[in-house]
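**Student:**
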Amino acid sequence: MKQIDIDDILKDIEVLIDKRNTGALQNILIDLHPADIAQIISHVKKDERIYLFSILPPKVASSVLAELDPPLMEELTEELGVEKISAIVDEMDSDDAADFVSSLPDEIVPEILERIPEEDSDEIKQLLHYDEDTAGGIMALEYVALPMDATVEQAIQEIRRLKAEQEVTDVYYIYVIDDENHLVGVVALSDLVLAEDYTTLKEIMKTDLPKITPDMDQEEVANIFRKYDLVSMPVVDQENHLIGRITIDDIVDVLEEEGSEDMAFIAGAPDEEITEGSISKLARARLPWLMVAFLGELLAAFILNQFDVTLRHKLMIAFFIPVIMAMGGSTAQQASVIVIRGLATGDLSLRDTGPRLLKELKISFLNSLFFATVLFIIVYLWDSAFFAGILSVSIFVVINNAAIIGALVPLTFKRLNIDPALAAAPFISTTNDILGILIYLTITTVVINFGM
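Under full-length UniProt numbering, the first residue of the sequence shown is numbered 1, with each subsequent residue one higher.
(1) How big is the Cα-Cα spacing for Ile28 and Glu83?
(2) Tell me which residue opens and which closes the beta strand (DSSP E) that Ser103 is part of.
(3) Could you pull the DSSP bridge partners for residue 453 from this structure?
(4) Starting from Met233, trace the alpha helix (DSSP H) in both directions and tell me its first and last residue.
(5) Between Ser42, Gln166 and Ile156, which lies nearest to Tyr175 when the distance is taken from Cα to Cα?
(6) Where does Thr275 sit, in a helix, a strand or coil, going by DSSP?
(7) Which of helix, strand or coil does DSSP assign to Lys19?
(8) DSSP on Ser430, reduced to helix/strand/coil?
(9) Please identify the residue among Ile37, Leu304 and Asp31 whose C-alpha is closest to the C-alpha of Leu10.
(10) Does the region 401-408 come close enough to the region 355-365 that 3 or more CB-CB pairs lie under 8 Å?
(11) Which residues does DSSP list as the beta-bridge partners of Lys206?
(12) Classify Ala66 as helix, strand or coil using the three-state DSSP reduction.
(13) My output table needs one value for Tyr444: the three-state DSSP class, helix, strand or coil.
(14) By DSSP's criteria, residue 485 is part of a beta bridge. Which residues make up the other side?
(15) State the Cα-Cα distance for the pair Val64 and Gln334, rounded to the nearest angstrom.
(16) Helix or strand or just coil, what does DSSP make of Ala195?
(17) Leu290: which of Lys206, Ser190, Asp179 and Ile428 sits nearest, CA to CA?
(18) By how many angstroms is the C-alpha of Val309 removed from the C-alpha of Leu366?
(19) At the level of alpha carbons, what is the spacing between His241 and Val109?
(20) Would you mind sorting Ala150 into buried or exposed? The rule is 16 or more other CB atoms within 10 Å of its CB.
(21) Assuming Ala372 contacts Tyr380 under a Cβ cut-off of 8 Å, what Cβ separation, rounded to an integer in Å, is found between them?
(22) Which residues does DSSP list as the beta-bridge partners of Pro147?
(23) When you compare the region 177-194 with the region 99-108, are there three or more beta-carbon pairs, one atom per stretch, that lie closer than 8 Å?
(24) Could you tell me if Arg49 is buried or exposed, where buried requires 16 or more neighbouring beta carbons within 10 angstroms of its beta carbon?
(25) Check this for me: beta carbons of Val144 and Val171, under 8 Å apart or not?
(26) Rounded to the nearest angstrom, what separates Met205 and Lys211 at their Cα positions?
Quick look at the structure:
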């Protein structure tokens with residue numbers, strides 16, 4: 001399916017919406033990819049998007065709904081009746097259906113589940129038991145599983161049957177099971193089509209594919225996919241019974257979600273702001289982060305007040321406070337982002353705490369030595385060797401201290417089972433502002449008192 005320019009087609013669609021030309025709109029939309037339809041719906045006004053979505057066939061609507069951001073999904077479903085929602089749920093894969101049903105008001109969920117086939121209803125209920133951030137929360141119950149003695153020809157026929165009945169969508173692996181539904185191996189689709197028809201699955205299956213359990217964190221699952229370059233993985237219970245599968249499209253959603261959350265934490269803003277939300281709701285969500293920064297900087301102001309004698313001694317001392325604060329904050333952010341990324345991708349673990357801190361200290365030592373030298377030369381030419389020495393020592397200590405904090409805080413959060421991305425939020429820079437001022441003015445005060 002070719003990629004389209006949304007801006008070009010949006011003008012035509014808006015004209016047809018104004019004319020309420022349902023037939024022409026359906027002809028255009030049905031030929032588009034669900035992701036493109038979702039993008040179009042997100043770009044039109046509320047009443048227009050409700051109309052557009054209402055004219056989609058249930059099969060198309062189910063695919064489009066899975067592509068929409070949660071606020072838009074909620075907005076559209078509020079306008080749909082139970083009958084329409086039930087028809088959409090019936091067309092969804094089990095994982096998408098469970099996610100969608102979990103977002104619906106509790107009072108209509110029982111009626112929705114009663115209106116769809118019992119088998120689909122049971123699958124959704126099964127998936128709803130798992131936390132949304134776990135492997136069980138993103139797995140699908142549709143997969144192709146066959147016994148070891150099944151032949152390649154039988155496997156291909158089974159895939160054709162399931163595809164024709166729309167029981168499965170994408171097939172990457174055949175899961176090989178024993179009589180008790182234990183997972184014993186997998187056969188890649190590429191291996192299947194290259195084998196002779198009479199070959200049994202036992203002869204061509206692989207037994208070393210990684211497996212995951214439904215309680216595993218979704219971020220950990222994403223790291224396994226990345227590490228082994230996988231497009232699909234089986235999900236098994238504690239007794240190795242096959243219960244589902246996770247595909248690469250689910251992992252892409254996980255990575256986008258985790259990335260959005262991490263960026264929101266770094267910015268000190270709510271994740272909802274990346275999509276939609278009311279002004280008052282977003283303002284309230286930002287307040288805690290802003291309050292951390294506000295209280296932190298008030299403390300910094302209090303510290304400055306305690307050193308008023310030092311600041312009155314030489315006005316130039318105050319000129320370099322922004323330099324000290326900026327260098328400390330930037331160094332801490334660099335160190336924390338590198339560590340957070342390493343923890344997120346699995347390149348770093350808690351066992352690497354010592355080596356990681358040592359590495360950051362070596363890096364900061366070289367950088368702090370460079371900036372201390374540059375600052376010494378500038379201040380020496382501007383003022384005096386005495387004050388240049390104070391500033392160069394201060395910035396050297398501040399940069400090294402900030403690097404340790406920036407690296408240590410995410411690792412500590414990880415050890416406490418707290419999302420390390422929280423460490424990159426505004427409070428880490430606020431902390432370094434406070435410590436930077438304290439270190440700078442303490443060194444300055446001590447040197448001036450002993451030097452006078």
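Don't be surprised by glycine CBs; every beta carbon is placed ideally from N, CA and C.
Predicted model only: the values in this text are computed from it and were never measured.
**Tutor:** The structure says:
(1) 25 Å
(2) Per DSSP, Ser103 belongs to no beta strand (DSSP E); it is in the alpha helix (DSSP H), Ser94 to Ser103.
(3) Nothing about residue 453 can be reported from this structure: the residues present for the chain run from 1 to 452 only.
(4) Not the alpha helix (DSSP H): Met233 falls in the beta strand (DSSP E), residues Ser232 to Val236.
(5) Ile156
(6) Confidence is the limiting factor: at Thr275 the pLDDT is only 49, short of 50, which leaves the residue's position unreliable, though a coordinate-based value still follows. Reduced to three states, the DSSP call for Thr275 is coil.
(7) Under the three-state reduction of DSSP output, Lys19 falls in the helix class.
(8) Residue identity differs from the one stated: residue 430 is Thr in this sequence, not Ser. Of the three classes helix, strand and coil, the one that applies to Thr430 here is helix, per DSSP.
(9) Ile37
(10) yes
(11) Val186
(12) coil
(13) Looking at the sequence provided, one finds Thr at residue 444 rather than Tyr. Here Thr444 sits in helix by DSSP.
(14) The question about residue 485 has no answer here: the residues shown for the chain are numbered 1 through 452.
(15) 39 Å
(16) When secondary structure is reduced to three states using DSSP, Ala195 falls in the coil class, being assigned neither helix nor strand.
(17) The option with the nearest alpha carbon to Leu290 is Ile428.
(18) 33 Å
(19) For the pair His241 and Val109, the Cα-to-Cα distance works out to about 29 Å.
(20) buried
(21) Going by Cβ atoms, the distance from Ala372 to Tyr380 rounds to 12 Å, so no, they are not a contact pair.
(22) For Pro147, which the question treats as bridged, DSSP gives the partners Ile177.
(23) no
(24) With 16 or more other Cβ atoms within 10 Å, it is buried.
(25) Yes, Cβ-Cβ distance for Val144 and Val171 is below 8 Å.
(26) So the two alpha carbons sit approximately 15 Å from each other.
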